[in-house]
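What follows is one structure encoded as structure tokens, with my remarks underneath.
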Amino acid sequence: MSVYKQIHSLPQPTLLREQHYQYLKKGLRHLSDAYECLDASRPWLCFWILHSLELLQEPIPAAVASDVCQFLARCQSPTGGFAGGPGQHAHLAPTYAAVNALCIIGTDEAYNVIDREKLLDFLWSVKQPDGSFVMHVGGEVDVRSAYCAASVASLTNILTPKLFENTTNWILSCQNWEGGLSGVPGLEAHGGYTFCGTAALVILGKEHMLDLKALLRWVVSRQMRFEGGFQGRCNKLVDGCYSFWQAGLLPLLHRALYKEGESELSQQRWMFEQQALQEYILLCCQNPTGGLLDKPGKSRDFYHTCYCLSGLSIAQHFGNMDNHYEVILGKEENRLAPTHPVYNICPEKVAQALQHFLRMPVPEVSRQPGG
Amino acid sequence: CVTKYINRKEWADLEPVPQDDGPNPVVKIAYSEKFSDVYDYFRALLKNDEKTERAFALTADAIDLNAANYTVWHYRRVLLQALSKDLKEEMKYITNIIEEQPKNYQVWHHRRMVVEWLNDPSEELRFIADILSQDAKNYHAWQHRQWVIQEYKLWDNELEFVENLLEEDVRNNSAWNQRHFVISHTTGFSDPAVVEREIQYCLNQIRKAPHNESAWNYLKGMLQDRGLSSQPGLLERVLELKETHCSPYLLAFLFDCYEDALENITQKEKVEEEEQKETLRKALEICRLLAQEKDTIRKEYWEFLGRSLRNKYGNGALSDEPMAENPEPSISASQSQEAS
Numbered sequence: 001m002s003v004y005k006q007i008h009s010l011p012q013p014t015l016l017r018e019q020h021y022q023y024l025k026k027g028l029r030h031l032s033d034a035y036e037c038l039d040a041s042r043p044w045l046c047f048w049i050l051h052s053l054e055l056l057q058e059p060i061p062a063a064v065a066s067d068v069c070q071f072l073a074r075c076q077s078p079t080g081g082f083a084g085g086p087g088q089h090a091h092l093a094p095t096y097a098a099v100n101a102l103c104i105i106g107t108d109e110a111y112n113v114i115d116r117e118k119l120l121d122f123l124w125s126v127k128q129p130d131g132s133f134v135m136h137v138g139g140e141v142d143v144r145s146a147y148c149a150a151s152v153a154s155l156t157n158i159l160t161p162k163l164f165e166n167t168t169n170w171i172l173s174c175q176n177w178e179g180g181l182s183g184v185p186g187l188e189a190h191g192g193y194t195f196c197g198t199a200a201l202v203i204l205g206k207e208h209m210l211d212l213k214a215l216l217r218w219v220v221s222r223q224m225r226f227e228g229g230f231q232g233r234c235n236k237l238v239d240g241c242y243s244f245w246q247a248g249l250l251p252l253l254h255r256a257l258y259k260e261g262e263s264e265l266s267q268q269r270w271m272f273e274q275q276a277l278q279e280y281i282l283l284c285c286q287n288p289t290g291g292l293l294d295k296p297g298k299s300r301d302f303y304h305t306c307y308c309l310s311g312l313s314i315a316q317h318f319g320n321m322d323n324h325y326e327v328i329l330g331k332e333e334n335r336l337a338p339t340h341p342v343y344n345i346c347p348e349k350v351a352q353a354l355q356h357f358l359r360m361p362v363p364e365v366s367r368q369p370g371g
Numbered sequence: 001c002v003t004k005y006i007n008r009k010e011w012a013d014l015e016p017v018p019q020d021d022g023p024n025p026v027v028k029i030a031y032s033e034k035f036s037d038v039y040d041y042f043r044a045l046l047k048n049d050e051k052t053e054r055a056f057a058l059t060a061d062a063i064d065l066n067a068a069n070y071t072v073w074h075y076r077r078v079l080l081q082a083l084s085k086d087l088k089e090e091m092k093y094i095t096n097i098i099e100e101q102p103k104n105y106q107v108w109h110h111r112r113m114v115v116e117w118l119n120d121p122s123e124e125l126r127f128i129a130d131i132l133s134q135d136a137k138n139y140h141a142w143q144h145r146q147w148v149i150q151e152y153k154l155w156d157n158e159l160e161f162v163e164n165l166l167e168e169d170v171r172n173n174s175a176w177n178q179r180h181f182v183i184s185h186t187t188g189f190s191d192p193a194v195v196e197r198e199i200q201y202c203l204n205q206i207r208k209a210p211h212n213e214s215a216w217n218y219l220k221g222m223l224q225d226r227g228l229s230s231q232p233g234l235l236e237r238v239l240e241l242k243e244t245h246c247s248p249y250l251l252a253f254l255f256d257c258y259e260d261a262l263e264n265i266t267q268k269e270k271v272e273e274e275e276q277k278e279t280l281r282k283a284l285e286i287c288r289l290l291a292q293e294k295d296t297i298r299k300e301y302w303e304f305l306g307r308s309l310r311n312k313y314g315n316g317a318l319s320d321e322p323m324a325e326n327p328e329p330s331i332s333a334s335q336s337q338e339a340s
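Chains as they are written, first to last, in the UniProt record's numbering: chain E, 1 to 371; chain C, 1 to 340.
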């Protein structure tokens, strides 16, 4: 009761740090049977929870970190890549999540879990001749796969141009008449897929090949003028998770335009209404007992907790080569750690992982591409 | 209540395999007894690579408990082939599963595989239409629909299908996208008669629902490759609408027309410098109007566009005069500021 009053009567919106921390701390160990539907996504649960904790600047006890490493090691497939759970087949989404989670932990134990040679074999096994990737052997194609592959390959230093041959053109073919990107060519522009395609191109150094102006127009138009949050597609409803998938595009586009010689970019703000997004998240997306959510009336879950907090961080922190400018709605205690707009883990963890893996040679390929 | 596998005589020969989460599990799910029972036996089947009828039956139970388990779906497909199962029956099965769980990746991918194996798309358009009647924007459904249409060349009635959906909800952006999909893969947008018909269609929908962003986006999206100012009379028609059917989308469209005009003037025709200045002035006025009054949520964006346009086409850009100063205040590094 008192927390409800707190949210709706105090002059300042408050991030319910302690409540979110307890929710996350518990979930990292135990989940109710309501989570049976995510039994093939357990590395995701690790990532969503660990990333939320790192944004809240809550330390991960060494014992817990080690347990996560050992669990993710059991999720690693003998043929490379990570699966949704022990004994399952490898899949690019839990592979992305596992590598990110291990990089958040950032210990040698964590880095050593990843079998880089086998990971490269796995990526080759899901690569398609047209440049796309299937999500798993015998599985579906969409632009998420390119992002997952590019993310893990770049972080662990197994990326070669050959691995991503034709991938750039395939991703570019996903930009449509709306200016955003679709899951596969021909479909409607969608925030999640647009983020994946754009971030993948940034990793490949090819983001300039997009129609950046059209993409910029599309994404800024996805911020809802009344709610302040973002919708995933034109004429659909707001959802807290798009606070990251959509708003996270603005730092990427800012940098892309800067590299293209754009001289009129702001040096203080992203090209979305940062305060309004923070208001939406803090006033509409928090569960009083901990965890964040899509919109009022929906249930909390770890996915929305991760992406609402990630979006809040994007809205709080502006940074380019030379400066860092903060806009914190409410008390200073609402401040989250900054997040890297490409990988969505903290920038220090990205740098640390790159430094670690760049010391190692890129593995030789031992298998042929899949069909 | 169904008997657990552990208590079924026909399964007594198989030793269930418990999940190996390790000694100190994380993200440990409190599975129901039913869930653990089925998956312990699934793991046993997988371990032995068993390809039997009972294995096939078990996959249905495993799917029922977690339809997102892609390992189970893959195994089911292996069994469908190894046991030469009746794929028409499988179509019935997957139809029911999708009706229950239409927002799951695996179920749609499975249906696509079965349709491919049968080489029979005859039920697809009707089935997808039924799913769309329950959720007209289901992304998986549209993806499957586009695949079927493209793979089996079923274009003939799709524009009519789209128009019906737009009749029901003119704001259905998925339907607008499908419209673009059908036309670009059939007549294309090069035919002037097609373009004129589509412009007419858009303007009619805009008159009925002026604040429908989809219609405006479609109008722009269709014309942008050729350039908005390439369509004679369009600017005038939009200016007419401005009086009675104004919206932030109309204003943005006008801005885009002016920007396109500036883009093309400087490249091709000899135009009065006055006329160019006037176009720039009108474009900048719209930016200001949108940033400050009509579309303030996008203030940062409209102000950026205004600065960009001024920089590119403004006073200093066309002659040797020095450029106007960037009106933004300069800031020092690592500043921090609380919003109100």
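Even glycine gets a Cβ: it sits at the ideal position worked out from N, Cα and C.
- Message: So within the region 7 to 77 of chain C, which uninterrupted beta strand (DSSP E) runs reach at least 3 residues, ignoring any that extend past its ends?
- Response: none
Roughly how many whole angstroms lie between the Cα atoms of Gly319 of chain E and His89 of chain E?
Position 319 of the first sequence holds residue 319 of chain E. Position 89 of the first sequence holds residue 89 of chain E. The alpha-carbon atoms of Gly319 of chain E and His89 of chain E are separated by roughly 39 Å.
* Less than 8 Å between the CB atoms is what I'm expecting for Cys69 of chain E and Ala110 of chain E, so what's the real figure, rounded? => Working through the first sequence from its first residue, we reach residue 69 of chain E at position 69. Working through the first sequence from its first residue, we reach residue 110 of chain E at position 110. With a Cβ gap of about 5 Å, Cys69 of chain E and Ala110 of chain E count as contacting.
DSSP puts Gln76 of chain E in a beta bridge; with which residues?
-> Locating residue 76 of chain E in the first sequence gives position 76, counting from the first residue. DSSP output for Gln76 of chain E lists E:Phe82 as bridge partner(s).
Does the Cβ-Cβ distance between Ser263 of chain E and Glu300 of chain C come in under 8 Å?
Residue mapping note: residue 263 of chain E aligns to position 263 of the first sequence, counting from 1. Residue mapping note: residue 300 of chain C aligns to position 300 of the second sequence, counting from 1. In this structure, Glu300 of chain C does not lie closer than 8 Å to Ser263 of chain E by Cβ.
What distance in whole Å lies between the Cβ atoms of Cys287 of chain C and Phe255 of chain C, which are believed to be in contact at a cut-off of 8 Å?
Here residue 255 of chain C is taken as the residue at index 255 of the second sequence, counted from 1. Here residue 287 of chain C is taken as the residue at index 287 of the second sequence, counted from 1. 7 Å between Cβ atoms; contact.
Next item on the list: Taking C-beta pairs closer than 8 Å, name the residues in chain E that Asp21 of chain C reaches, listed in chain order.
Entry: As a first step, residue 21 of chain C is located in the second sequence; it is residue number 21 there, counting from the start. What Asp21 of chain C touches in chain E: Phe71, Arg74, Pro86.
**Study point:** Short-range partners of chain C found in the region 192 to 205 of chain E, where Cβ spacing is below 7 Å
**Key:** none
*asked:* So if DSSP puts Leu292 of chain E in a beta bridge, which residue, or which two residues, is it bridged to?
replied: Counting from one through the first sequence, the residue named residue 292 of chain E turns up at place 292. E:Gln286, per the DSSP bridge assignment.
inquiry  = Quick check: the Cα distance between Gly85 of chain E and His136 of chain E, rounded to an integer number of angstroms?
reply    = Numbered from its first residue, the first sequence carries residue 85 of chain E at position 85. Numbered from its first residue, the first sequence carries residue 136 of chain E at position 136. Taking the straight line joining both Cα atoms gives about 14 Å.
Local conformation of Lys103 of chain C per DSSP, three classes:
Here residue 103 of chain C corresponds to residue number 103 of the second sequence, with the count starting at 1. Note: Lys103 of chain C maps to coil in three-state DSSP.
is_contact[Glu213 of chain C, chain E] using C-beta, thresh 8 Å: Looking up residue 213 of chain C in the second sequence gives position 213. Closer than 8 Å: yes.
>> With a threshold of 8 Å between beta carbons, is Ile297 of chain C in contact with chain E?
In response: As a working note, residue 297 of chain C is residue 297 in the second sequence. So yes, Ile297 of chain C belongs to the interface.
Can you tell me which residues form a DSSP beta bridge with Gly319 of chain E? Position 319 of the first sequence holds residue 319 of chain E. Gly319 of chain E pairs with E:His324.
Original post:
Using CA coordinates, which residue listed in C:Thr59, C:Trp216, C:Asn157, C:Ala261 is at the minimum distance from Gln231 of chain C?
Top reply: Along the second sequence, one-based indexing puts residue 231 of chain C at 231. Nearest of C:Thr59, C:Trp216, C:Asn157, C:Ala261 to Gln231 of chain C, Cα basis: C:Ala261.
I'd like the list of long-range same chain contacts for Phe272 of chain E, defined as Cβ closer than 7 Å, with 5 residues on each side in sequence excluded. One-based indexing of the first sequence puts residue 272 of chain E at position 272. Taken in chain order, the residues that qualify are Val220, Gln223, Ala247, Leu250.
TODO: State the beta-bridge partners of Lys137 of chain C as determined by DSSP.
DONE: Within the second sequence, residue 137 of chain C is the residue found at index 137, counting from 1. None, per the DSSP bridge assignment.
> With C-beta atoms as the reference, is Ser173 of chain E less than 8 Å away from Ile203 of chain E?
Replying inline: Within the first sequence, the letter at position 173 stands for residue 173 of chain E. Within the first sequence, the letter at position 203 stands for residue 203 of chain E. No, the Cβ-Cβ distance between Ser173 of chain E and Ile203 of chain E is not below 8 Å.
Practice problem: Would you identify the three-state DSSP class for Gln267 of chain E, choosing helix, strand or coil? | Solution: One-based indexing of the first sequence puts residue 267 of chain E at position 267. Coil at Gln267 of chain E, not helix or strand.
Open item on the list: Considering just the uninterrupted stretch of the alpha helix (DSSP H) at Ile203 of chain E, what are its terminal residues?
Closed with: The count along the first sequence starts at 1 and reaches residue 203 of chain E at position 203. Unbroken alpha helix (DSSP H) run through Ile203 of chain E: 191 to 204.
Margin query: At a threshold of 7 Å, does Glu240 of chain C count as lining the ligand SAH (C-beta to nearest heavy atom)?
Written below: With respect to the ligand SAH, the structure offers nothing, as it holds no ligand at all.
**Study point:** Unbroken alpha helix (DSSP H) run spanning Ser154 of chain E, endpoints
**Key:** On the first sequence, residue 154 of chain E is found 154 positions in, with the first residue counted as 1. Here the alpha helix (DSSP H) through Ser154 of chain E covers 143 to 155.
Worksheet item: Does the Cβ-Cβ distance between Gln205 of chain C and Ala215 of chain C come in under 8 Å?
Response: To locate residue 205 of chain C, count along the second sequence from 1; it is residue 205. To locate residue 215 of chain C, count along the second sequence from 1; it is residue 215. For Gln205 of chain C and Ala215 of chain C, yes; Cβs fall inside 8 Å.
Discussion item. In this structure, how does DSSP classify Gln175 of chain E when only helix, strand and coil are distinguished?
Written reply: Position 175 of the first sequence, counted from the first residue, corresponds to residue 175 of chain E. Gln175 of chain E falls in the strand class under three-state DSSP.
* Determine the closest residue to Tyr41 of chain C out of C:Pro16, C:Asp61, C:Leu290, with distance taken between C-alpha atoms. => Reading the second sequence from its first residue, position 41 is the one you call residue 41 of chain C. If we check each option's Cα against that of Tyr41 of chain C, C:Pro16 comes out closest.
*When burial is assigned at 16 or more other CB atoms within 10 Å of the CB, is Gly205 of chain E buried or exposed?*
On the first sequence, residue 205 of chain E is found 205 positions in, with the first residue counted as 1. With fewer than 16 Cβ atoms within 10 Å of its Cβ, Gly205 of chain E is classed as exposed.
Exercise for the section: Starting from the beta carbon of Ser36 of chain C, find every residue of chain E whose beta carbon is closer than 9 Å, and list them in chain order. Expected result: Locating residue 36 of chain C in the second sequence gives position 36, where the first residue counts as 1. Per Cβ cutoff of 9 Å: no residues; Ser36 of chain C is ~10 Å from chain E at best.
| said: Looking at chain C, is there any beta carbon in it that lies within less than 8 Å of the beta carbon of Lys236 of chain E? | reply: Against the first sequence, residue 236 of chain E aligns to sequence position 236. Chain C, which has a Cβ nearer than 8 Å to the Cβ of Lys236 of chain E, makes this yes.
TODO: Let me know the secondary structure DSSP gives Lys127 of chain E once reduced to three states.
DONE: In the first sequence, residue 127 of chain E corresponds to position 127, counting from 1. The answer is strand: DSSP assigns Lys127 of chain E an E or B state.
Top-ranked residue by Cα proximity to Leu252 of chain E, from E:His340, E:Tyr35, E:Val238: Within the first sequence, residue 252 of chain E is the residue found at index 252, counting from 1. For the residues E:His340, E:Tyr35, E:Val238, the minimum Cα distance to Leu252 of chain E belongs to E:His340.
| said: If you follow the alpha helix (DSSP H) that Asp191 of chain C is in, where does it begin and where does it stop? | reply: Here residue 191 of chain C corresponds to residue number 191 of the second sequence, with the count starting at 1. It is not in any alpha helix (DSSP H) - Asp191 of chain C carries neither H nor E in the DSSP assignment.
**Message:** Assuming Arg288 of chain C is part of the alpha helix (DSSP H), what are its boundary residues?
**Reply:** For the purposes of this step, residue 288 of chain C is identified with residue 288 of the second sequence, where counting begins at 1. Looking at the DSSP string, the run of the alpha helix (DSSP H) that includes Arg288 of chain C is 273 to 289.
Going by DSSP, what residue range makes up the alpha helix (DSSP H) through Trp302 of chain C? Residue numbering aside, residue 302 of chain C sits at position 302 when the second sequence is read from its first letter. Per DSSP, Trp302 of chain C belongs to the alpha helix (DSSP H) from 299 to 313.
**Message:** Taking the beta carbon of Ser366 of chain E as the centre, do at least 16 other beta carbons fall within 10 Å, making it buried, or is it exposed?
**Reply:** On the first sequence, residue 366 of chain E is found 366 positions in, with the first residue counted as 1. The residue in question, Ser366 of chain E, is exposed, as its Cβ has fewer than 16 Cβ neighbours within 10 Å.
- Query: Terminal residues of the continuous alpha helix (DSSP H) containing Trp245 of chain E?
  - Reply: Translated into the one-based positions of the first sequence, residue 245 of chain E becomes position 245. From DSSP, the alpha helix (DSSP H) with Trp245 of chain E extends over 242 to 245.
C-alpha distance - residue 343 of chain C paired with Tyr303 of chain E, whole-angstrom precision: It is not possible to answer for residue 343 of chain C, since the shown part of chain C is limited to 1 through 340.
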